[in-house]
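**Q** First residue of the sequence shown: 26, per our numbering; consecutive thereafter.
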Amino acid sequence: MVCLGNICRSPLAEGILKSKLNDHSFYVDSAGTANYHVGNKPDIRSIEVASKYGLNISSLKSRQFKVKDFDFFDFIYVMDHSNLKNVLKLARNSDDSNKVSLILNELTTKENLEVPDPYYGGDEGFQTVYKLLDDACNTIARKLNS
Ligand code: 4NP
26 MVCLGNICRS PLAEGILKSK LNDHSFYVDS AGTANYHVGN KPDIRSIEVA
76 SKYGLNISSL KSRQFKVKDF DFFDFIYVMD HSNLKNVLKL ARNSDDSNKV
126 SLILNELTTK ENLEVPDPYY GGDEGFQTVY KLLDDACNTI ARKLNS
């Protein structure tokens, strides 16, 4: 799960997807394309919206996406077009780039929609992000669990 800062959207996506997978045969992680917040906990507003739905993401730590991630992960879900561009810039070949997709293209509509960046807005933005990610992760988990 990849966003810009790895403190708002992608830690939420990580927590939500982990909670929906059946067993321990999956490794779910998140990262940011930027290094602004490396080592930091998720934004308090992400921690709070997760907690409202029974998820504890407070011990996650921000890290920056790196080229090696293409070797470790089968699926790389990005939140918006800017993340998509920045991750694809690091792809070494088509095997790498084929792993990358907009997470909201997991929804049936597949309209290249973005998970909006909630950082500069209010709490309601985090609620919207939670709902979008919960829907998308339901689809991802259904595929992976089957
Ligand atoms: P995220 O949100 O990419 O969902 O973690 C942001 C976090 C920090 C900043 C921007 C977006 N920032 O500019 O510091």
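Glycine residues also receive a C-beta, built at the ideal position from the N, C-alpha and C atoms.
Keep in mind the model is a prediction, meaning the values are calculated, not measured.
Apply the 10 Å Cβ neighbour rule to residue 97 and answer buried if 16 or more other Cβ atoms are within range, or exposed otherwise.
**A** With fewer than 16 Cβ atoms within 10 Å of its Cβ, residue 97 is classed as exposed.
**Q** Would you say the beta carbon of residue 32 is closer than 7 Å to some non-hydrogen atom of the ligand 4NP?
**A** Residue 32 Cβ: within cutoff of the ligand 4NP.
**Q** Give me the residue from 42, 37 and 30 with the minimum Cα distance to residue 100.
**A** Considering only alpha carbons, the answer is 42.
**Q** Can you tell me which of 111, 113 and 131 puts its alpha carbon nearest to the alpha carbon of residue 162?
**A** When each option's Cα is compared against that of residue 162, the closest is 131.
**Q** Can you have a look at residue 196 and say buried or exposed, based on whether 16 or more other CB atoms are within 10 angstroms of its CB?
**A** Within the shown structure, residues of the chain are numbered from 26 to 171, placing residue 196 beyond reach of any answer.
**Q** With DSSP as the reference, label residue 41 as helix, strand or coil.
**A** If DSSP states are grouped into helix, strand and coil, residue 41 belongs with the helices.
**Q** Are the CB atoms of residue 38 and residue 55 nearer to each other than 8 Å?
**A** Yes. Within cutoff.
**Q** Inspect the beta-carbon positions of residue 116 and residue 122 and report whether they are closer than 8 Å.
**A** Yes, they are a contact pair.
**Q** CB-CB under 7 Å to residue 166, same chain, minus the five flanking residues each way: which ones, in chain order?
**A** Cβ neighbours of residue 166 beyond the five flanking positions: 42, 45 and 46.
**Q** Note the first and the last residue of the continuous beta strand (DSSP E) segment covering residue 138.
**A** From DSSP, residue 138 is part of no beta strand (DSSP E); its letter is neither H nor E.
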